[in-house]
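Step one of this worksheet: look at the structure below.
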Amino acid sequence: GEDAVRRGIPSHLPEVADFFVRWRDQDEGILRLVVPGPDGKFAFRLLDPSVLSRSVFEGIHASILMSGTLFPAEMYADLLGIATRRRVLRTYASPFPRENRLLLVSPHVTTLFVKRGKEMHDAIAREIGGIAAAVPGNLAAFFPSYELLGEAHRRLRAARVPKQILVERPQWSKTQRDGALEALRLARADGGGALLLGVQGGSLSEGVDYHDNLLAAVIVVGLPLCPPSVEGEALRDYYARKFGFAKGHDYAVVYPAVNRLLQAAGRAIRSERDRAAIVLLEGRILEPRYARCLPPDFVPARSERAASEASRFLAPSR
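Using the working numbering, you'd call the opening residue of the sequence shown number 1227 and step up by one each time.
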């Protein structure tokens, strides 16, 4: 306190005081959160990015915003507070050859909470194991959570899948991520290939480029809808008030999950020369409420035999 100030030790009390003064403000786009526990926290969460971004876009002549996977453009324009009169929205199909990608969905598996259990975990592991055995080279499977990853890993290990299994751990460092990529390169060089297990929304499913067709296949398990939380409910309620119930639900719940799925699926093909199979293990993707949220050039075909179809697609041409 005062003794520290007299001795010239920097104090953070002004920042703490400012934090609690702001805590009393009634900004609707900001959530005030008290997190209980041994290391209890007071936190602000920005629900509405346009609180900060709107003035930026209003103050510039023009800007170009682009992404290879984030969809739809209208949602991001709405969330950033870009005035309708200043928008020019465009969506383009992938420039990569369509014949280089096999896109399938397995309709009989799901990570829907009420259907989870031993039988469904067994079915998911069987699908992954079958594809891993049928596909030459490396493949990756991305899950909605580490819990579901663990359920599959235990079963795949017990089933003695004929590939080295690499497992992502929470809070991996860059060195560990680079190590996983090097392990994939070595496994491909050895001829057997490896199976990488990771999570959707994690660094291996979004922040890593698998150059030189390092993955012959990507399996996306489930739909990574966020579990119920105070923050999630506040975001959905806020967007419903701002954009209407239907659009608010899509913006807060559906599109973020679909975009994480798209990011994971996009790890397979990184150039016009890459060729890969993408298999979605989630029957809900075929339902209209989710299918309508997919980009026009990302329409998976229903498949009862994903492993054999992937094997035929990736077989060397004669």
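C-beta atoms are modelled at their ideal positions from N, C-alpha and C, and glycine is treated no differently. This one's a predicted model, so the numbers in the text were calculated from it and none came from an experiment.
**Prompt:** So SER1497 and VAL1361 are in contact, right, with Cβ under 8 Å, and what is the actual spacing, rounded?
**Reply:** Within the sequence shown, residue 1497 is the residue found at index 271, counting from 1. Within the sequence shown, residue 1361 is the residue found at index 135, counting from 1. Actually they are not in contact, since the Cβ atoms of SER1497 and VAL1361 sit about 19 Å apart, beyond 8 Å.
**Message:** Tell me which residue opens and which closes the beta strand (DSSP E) that PHE1339 is part of.
**Reply:** For the purposes of this step, residue 1339 is taken as residue 113 along the sequence shown, with counting starting at 1. Note, PHE1339: premise wrong, no beta strand (DSSP E); not H, not E.
**Asked** Alpha carbon to alpha carbon, what distance is there between VAL1387 and TRP1398?
**Response** Within the sequence shown, numbered from 1, the residue matching residue 1398 stands at position 172. Within the sequence shown, numbered from 1, the residue matching residue 1387 stands at position 161. Computed Cα separation, rounded: 24 Å.
**Where LEU1520 falls: helix, strand or coil (DSSP)** = Start at 1 with the first residue of the sequence shown, and residue 1520 comes out as number 294. It is coil, neither helix nor strand.
**Prompt:** Exposed or buried, PHE1368, counting other C-beta atoms within 10 Å across all chains shown (16 or more means buried)?
**Reply:** Within the sequence shown, numbered from 1, the residue matching residue 1368 stands at position 142. With 16 or more other Cβ atoms within 10 Å, it is buried.
**Message:** Contact between the segment 1501 to 1508 and the segment 1446 to 1453 is defined here as three or more beta-carbon pairs at a separation below 8 Å; is this criterion met?
**Reply:** yes
**Message:** Let's test the definition: count the other Cβ atoms within 10 Å of the Cβ of PRO1526 and tell me whether it reaches 16, buried, or not, exposed.
**Reply:** Residue numbering aside, residue 1526 sits at position 300 when the sequence shown is read from its first letter. Buried.
**Prompt:** Nearest CA to the CA of ALA1178: which residue from LEU1259, SER1281, GLY1355 and LEU1328?
**Reply:** Residue 1178 cannot be examined here, being either before or after the span of the chain that is shown, 1227 to 1544.
**Request:** May I have the straight-line CA-CA distance separating ARG1258 from GLY1376, to the nearest angstrom?
**Result:** Against the sequence shown, residue 1258 aligns to sequence position 32. Against the sequence shown, residue 1376 aligns to sequence position 150. Rounded to the nearest angstrom, the two C-alpha atoms are 33 Å apart.
**Item:** In DSSP terms, what VAL1456 is bridged to
**Value:** Stepping through the sequence shown from its first residue, residue 1456 is reached at position 230. DSSP output for VAL1456 lists no bridge partner at all.
**Beta carbon of TYR1516 nearer than 8 Å to that of VAL1479** = Within the sequence shown, numbered from 1, the residue matching residue 1516 stands at position 290. Within the sequence shown, numbered from 1, the residue matching residue 1479 stands at position 253. No, Cβ-Cβ distance for TYR1516 and VAL1479 is not below 8 Å.
**Asked** Is LEU1440 closer than 8 Å to ARG1411 when the C-beta atoms are compared?
**Response** By one-based count along the sequence shown, residue 1411 stands at place 185. By one-based count along the sequence shown, residue 1440 stands at place 214. Yes, they are a contact pair.
**Message:** For ALA1460, which residues in the same chain have their Cβ closer than 6 Å to its Cβ, ignoring the five residues on either side in sequence?
**Reply:** Looking up residue 1460 in the sequence shown gives position 234. Correct list, in chain order: LEU1257.
**Message:** Considering only the alpha carbon of each residue, which of GLY1458, PHE1471 and ALA1466 lies closest to ALA1483?
**Reply:** As a working note, residue 1483 is residue 257 in the sequence shown. Per the Cα distances, GLY1458.
**Asked** Given ALA1378, which residues of its chain have a CB within under 8 Å of its CB, disregarding the five upstream and five downstream residues?
**Response** Here residue 1378 corresponds to residue number 152 of the sequence shown, with the count starting at 1. Closer than 8 Å at the Cβ level, and outside the excluded window around ALA1378, lie HIS1347, ILE1350, ALA1351, ILE1354, ALA1367, PHE1369, LEU1423 and VAL1447.
**Prompt:** With C-beta atoms as the reference, is ILE1357 less than 8 Å away from ALA1443?
**Reply:** Translated into positions along the sequence shown, residue 1357 becomes position 131. Translated into positions along the sequence shown, residue 1443 becomes position 217. Yes; because the gap between Cβ atoms is below 8 Å, this pair is in contact.
**Item:** Among GLY1417, ASP1265, ASN1326 and GLU1394, the one whose alpha carbon lies nearest that of GLY1428
**Value:** Taking the first residue of the sequence shown as 1, we reach residue 1428 at position 202. With distances taken between Cα atoms, GLY1428 lies closest to GLU1394.
**Request:** Could you name the residues of the same chain whose beta carbon sits closer than 7 Å to that of GLU1432, not counting the 5 residues immediately before and after it, in chain order?
**Result:** Your numbering for residue 1432 matches position 206 in the sequence shown. Closer than 7 Å at Cβ, skipping near neighbours: GLN1489.
**Message:** Does ASP1435 pass the burial test, meaning 16 or more other C-beta atoms within 10 Å, or should it be called exposed?
**Reply:** Your numbering for residue 1435 matches position 209 in the sequence shown. Looking at its Cβ environment, which holds fewer than 16 other Cβ atoms inside 10 Å, ASP1435 is exposed.
**Request:** Count the other CB atoms, across all protein chains shown, that sit within 10 Å of the CB of ARG1544; report buried if there are 16 or more and exposed otherwise.
**Result:** Counted from its first residue, the sequence shown places residue 1544 at position 318. Residue placement at ARG1544 is flagged as unreliable, the pLDDT there being 47, under the threshold of 50; the coordinate-derived value follows with that caveat. By the 10 Å Cβ count, ARG1544 comes out exposed.
**alpha helix (DSSP H) segment containing ARG1378, residue limits** = Your numbering for residue 1378 matches position 152 in the sequence shown. Arg is not the amino acid found at residue 1378; the sequence shown has Ala there. Start and end: 1372 to 1384.
**Asked** Is THR1295 near ASN1485, with beta carbons less than 8 Å apart?
**Response** Stepping through the sequence shown from its first residue, residue 1295 is reached at position 69. Stepping through the sequence shown from its first residue, residue 1485 is reached at position 259. Result yes, Cβ atoms of THR1295 and ASN1485 sit closer than 8 Å.
**Prompt:** Just checking my contact of LEU1326 with ASP1438 at CB under 8 Å: how many whole Å lie between their CB atoms?
**Reply:** Here residue 1326 refers to the residue found at position 100 when the sequence shown is read from its first residue. Here residue 1438 refers to the residue found at position 212 when the sequence shown is read from its first residue. The sequence shown places Asn at residue 1326, not Leu. Going by Cβ atoms, the distance from ASN1326 to ASP1438 rounds to 14 Å, so no, they are not a contact pair.
**Item:** Selection from SER1455, THR1310, GLY1343 and ILE1445 that minimises the alpha carbon distance to ILE1495
**Value:** Within the sequence shown, numbered from 1, the residue matching residue 1495 stands at position 269. Cα-wise, what sits closest to ILE1495 is ILE1445.
**Asked** Where does ARG1544 sit, in a helix, a strand or coil, going by DSSP?
**Response** Residue 1544 sits at position 318 when you count from the first residue of the sequence shown. In this predicted model, ARG1544 has a pLDDT of only 47, less than 50, meaning its place in the structure is not dependable; the value taken from the coordinates is given anyway. ARG1544 falls in the coil class under three-state DSSP.
**Euclidean distance between Cα positions of SER1534 and GLY1417** = Walking along the sequence shown from the start, residue 1534 turns up at place 308. Walking along the sequence shown from the start, residue 1417 turns up at place 191. For SER1534 and GLY1417, the distance between alpha carbons rounds to 20 Å.
**Request:** Take LEU1520 and list the residues in its own chain whose beta-carbon comes closer than 7 Å to its own, dropping the five residues that flank it on each side.
**Result:** One-based indexing of the sequence shown puts residue 1520 at position 294. Excluding positions up to five away in sequence, the list reads VAL1484.
**Item:** Residue nearest to GLY1255 in terms of C-alpha spacing, selected from ARG1313, ARG1383, ALA1466 and ARG1414
**Value:** Here the question's residue 1255 lines up with position 29 in the sequence shown. Answer by Cα proximity: ALA1466.
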